[in-house]
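Engineer: The sequence shown begins at 0 in numbering that gives the first Met the number 0 and counts up by one. Once you've had a glance at the structure underneath, I'll fire off some questions.
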Amino acid sequence: MLDAALISVAGLASAAEHGRLQLPEGSGLEVTALGCRPLVLVHARRQLQIAQQSSQACWQLLLPPAAEQPLLWRQLEQLGLLPLQECAAADSSSWLARLQDKPYLLPAHFSLLAAPQWQQAALWAVPAPELLQESLWLLLRQGESEQERFKALQTHLRGRIRLEAAEQI
């Protein structure tokens with residue numbers, strides 16, 4: 000049985016609809032906001048060198064499928080900064096291969112670059128032109144948010160999120 004789940008929603012910091020997460024009526028679940036973390040755009044160094052040598056390089060944003068991140072897709076389509084490209088892969092190796100293959104920018108939290116496989120891929124992070132962020136939520140069964148163990152978990156997660164956000168600034 001699952002005790003709790005961490006939910007991540009990516010989008011623009013200024014989006015009004017980004018501020019709340021609604022669950023279906025009668026779901027028996029409740030959601031608690033934990034905080035937000037800024038996202039950066041991750042890319043392969045190799046692709047930057049190729050782009051600098053070629054006038055035909057066209058950067059694209061590499062994103063999870065629109066069905067999985069509809070808010071992020073809708074907001075980025077409205078901004079029209081760069082073409083959007085979908086990647087449905089579930090494993091990090093496939094995402095890394097896509098980043099190495101073409102001039103893609105991947106919105107991600109900077110902590111992703113600390114993972115060994117991502118470190119070895121020689122990736123760089125650049126600030127996003129618009130403030131992209133990830134909102135994090137804790138999903139619990141109805142009434143469990145008042146239990147001490149979940150209060151402690153919420154406090155711990157909120158502290159980590161604030162710390163990570165401060166380290167990135």
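We treat Cβ as the ideally placed atom computed from N, Cα and C, and that holds for glycine. Predicted model only: the values in this text are computed from it and were never measured.
Quick one: Cα of glutamine 74 to Cα of leucine 135, how far?
Structural biologist: 18 Å
Engineer: Applying the 10 Å Cβ sphere with the 16-neighbour rule, what's the burial state of arginine 36?
Structural biologist: buried
Engineer: Going by the beta-carbon positions, is the gap between leucine 95 and glutamine 68 smaller than 8 Å?
Structural biologist: no
Engineer: Over the uninterrupted beta strand (DSSP E) stretch that includes alanine 3, give me the two end residues.
Structural biologist: 3–11
Engineer: Name the two residues that bound the continuous alpha helix (DSSP H) containing leucine 78.
Structural biologist: Run containing leucine 78: 69–78, per the alpha helix (DSSP H) assignment.
Engineer: Please state whether DSSP places glycine 158 in a helix, a strand or coil.
Structural biologist: In the structure shown, glycine 158 falls within a helical segment according to DSSP collapsed to helix, strand and coil.
Engineer: Near glutamate 163, which residues of its chain fall below 6 Å by C-beta distance, leaving aside the five closest residues on each side in sequence?
Structural biologist: Arg36
Engineer: In terms of residues, what are the limits of the beta strand (DSSP E) holding proline 126?
Structural biologist: 122–126
Engineer: Considering only heavy atoms of the ligand ADP, does any lie closer than 7 Å to the CB of tryptophan 58?
Structural biologist: Only the bare structure without any ligand can be found here, which leaves the ligand ADP out of the picture.
Engineer: Could you tell me how far apart the beta carbons of alanine 127 and proline 106 are, in whole angstroms, since I believe they sit closer than 8 Å?
Structural biologist: 7 Å
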